[in-house]
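For the first sequence, our numbering begins at 3 and goes up steadily by one.
For each residue, glycine too, the CB sits at the ideal point set by N, CA and C.
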Amino acid sequence: MSRLLQIYNSMLNFYGPQGWWPLTSCKNGSKKTDEPDNGKGYHPGDYSFPKNSRQRFEICIGAVLTQNTAWTNVEKALVNLRENKLLSANSIKKADVEILKKSIKPAGYYNQKSVYLKELADFFISLKGKVPARGELMNVKGIGPETADSILLYAYNQLEFVVDNYTKRIFSETGFFDKSANYHKIKEIFISKLPEDIVIYQEFHALIVLHAKLAFAGGKTGFRKTEILKFN
DNA sequence: AGCCAGGCTACCG
DNA sequence: CGGTAGCATGGC
3 MSRLLQIYNS MLNFYGPQGW WPLTSCKNGS KKTDEPDNGK GYHPGDYSFP KNSRQRFEIC
63 IGAVLTQNTA WTNVEKALVN LRENKLLSAN SIKKADVEIL KKSIKPAGYY NQKSVYLKEL
123 ADFFISLKGK VPARGELMNV KGIGPETADS ILLYAYNQLE FVVDNYTKRI FSETGFFDKS
183 ANYHKIKEIF ISKLPEDIVI YQEFHALIVL HAKLAFAGGK TGFRKTEILK FN
């Protein structure tokens with residue numbers, strides 16, 4: 003077993019399954035899967051999401067809205083979008099851009115992100131339900147490597163490992179690769195050391211984010227190696 | 001009062 | 001090409 007897989011198993015054992023991607027429109031065990039959840043919207047241990055096209059699209063726009071932005075702010079934006087009936091590709095496509103901006107304002111960068119959401123809606127509609135290729139996803143303005151992989155992994159259950167700043171920071175400081183390693187290089191390292199398993203890809207990224215949030219919490223001072231090494 | 005958050009684009013040399 | 005300023009809000 004690779005060291006990365008050992009770390010994954012330890013983290014999963016310690017924190018438990020995270021149930022990413024969080025959906026405001028899912029309620030675990032509920033028959034009505036398109037109604038607002040009264041909890042956080044997570045579905046730990048249930049890998050049957052997204053259950054429909056609307057949930058798939060919600061993951062896509064959440065992936066854009068959370069760029070360099072705390073998820074708590076994204077949730078506020080998603081609630082606003084829901085209240086304004088703007089959680090579907092068709093409604094965002096038709097939406098007045100000022101209404102759209104106002105809805106997503108809590109998630110920040112609303113001038114940029116409103117354009118990104120419009121582009122994303124057009125693209126989503128053009129897919130007609132098909133799974134997008136990574137390259138065409140990245141041709142959509144506002145979708146870079148991480149957002150593309152998040153969408154593919156969580157919205158389309160494709161085997162793409164997601165590399166974010168936390169992943170880079172934690173695993174470079176613990177010697178898995180150099181700090182200068184680029185996105186593709188880091189992604190390849192994880193892919194080469196892990197089984198080809200969607201659940202592992204989904205949970206590992208979620209666990210890394212959770213762990214990083216806790217390890218860095220309140221802390222300016224850099225990441226402490228002992229925090230990740232305890233999972234070794 | 002700052003610093004930070006699950007990045008990306010555009011532009012710089 | 002690699003590097004980085006700018007984008008914006010809310011939480012701590």
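For residue i, three-class secondary structure by DSSP
| i | result |
| --- | --- |
| Ile145 | coil |
| His207 | helix |
| Asp124 | helix |
| Glu198 | coil |
| Glu175 | helix |
| Tyr156 | helix |
| Tyr112 | helix |
| Glu190 | helix |
| Asp151 | helix |
| Ala97 | coil |
Contacts around residue i, its chain only, beta-carbon distance under 8 Å, and the 5 residues preceding and following it disregarded
| i | result |
| --- | --- |
| Ile127 | Ala91, Asn92, Lys95 |
| Lys103 | Tyr112, Asn113, Ser116 |
| Leu196 | Ser4, Leu6, Leu7, Tyr10, Phe163, Ile202, Tyr203, Phe206 |
| Lys143 | Val117, Tyr118, Glu121 |
| Gln234 | The sequence shown places Asn at residue 234, rather than the Gln named in the question. Same-chain partners within the cutoff: Arg5, Gln8, Ile9, Ser12. |
| Leu212 | Tyr17, Gln20 |
Contact set for residue i: own chain, Cβ-Cβ below 6 Å, skip 5 residues either direction
| i | result |
| --- | --- |
| Phe163 | Lys189, Phe192, Ile193, Tyr203 |
| Gly18 | none |
| Pro139 | The residue asked about is misnamed: residue 139 is Leu in this sequence, not Pro. Hits under 6 Å: Ile145, Ala150. |
C-alpha distance - residue i paired with residue j, whole-angstrom precision
| i | j | result |
| --- | --- | --- |
| Asn167 | Lys87 | 33 Å |
| Lys232 | Met3 | 17 Å |
| Met13 | Phe179 | 20 Å |
| Gly131 | Ala217 | 39 Å |
| Ile172 | Ala214 | 8 Å |
| His186 | Glu100 | 37 Å |
| Pro134 | Val165 | 19 Å |
| Leu89 | Lys53 | 15 Å |
| Ser55 | Leu129 | 11 Å |
| Lys181 | Thr169 | 11 Å |
| Asn67 | Leu161 | Before going on, a small fix: residue 67 reads as Leu here, not Asn. The alpha-carbon atoms of Leu67 and Leu161 are separated by roughly 22 Å. |
| Trp22 | Asp98 | 31 Å |
| Asn15 | Pro147 | 29 Å |
| Lys107 | Asp124 | 21 Å |
Whether residue i touches residue j by CB criterion (8 Å)
| i | j | result |
| --- | --- | --- |
| Ser105 | Leu83 | yes |
| Leu209 | Gln20 | yes |
| Tyr44 | Pro24 | yes |
| Ser152 | Ala72 | no |
Integer Cβ distance of residue i from residue j, believed to fall under 8 Å
| i | j | result |
| --- | --- | --- |
| Ser27 | Glu60 | 6 Å |
| Asn70 | Ala109 | That belief does not hold up - the Cβ atoms of Asn70 and Ala109 are roughly 10 Å apart, past 8 Å. |
| Cys62 | Ala157 | 6 Å |
Nonlocal neighbours in the same chain, by C-beta distance under 7 Å from residue i, ignoring five residues either side
| i | result |
| --- | --- |
| Phe51 | Leu25, Cys28, His45, Gln57 |
Any non-hydrogen atom of the ligand HEM within 7 Å of residue i CB
| i | result |
| --- | --- |
| Asn11 | Judged by which ligands are present, the structure shown has none, so any question about the ligand HEM falls away. |
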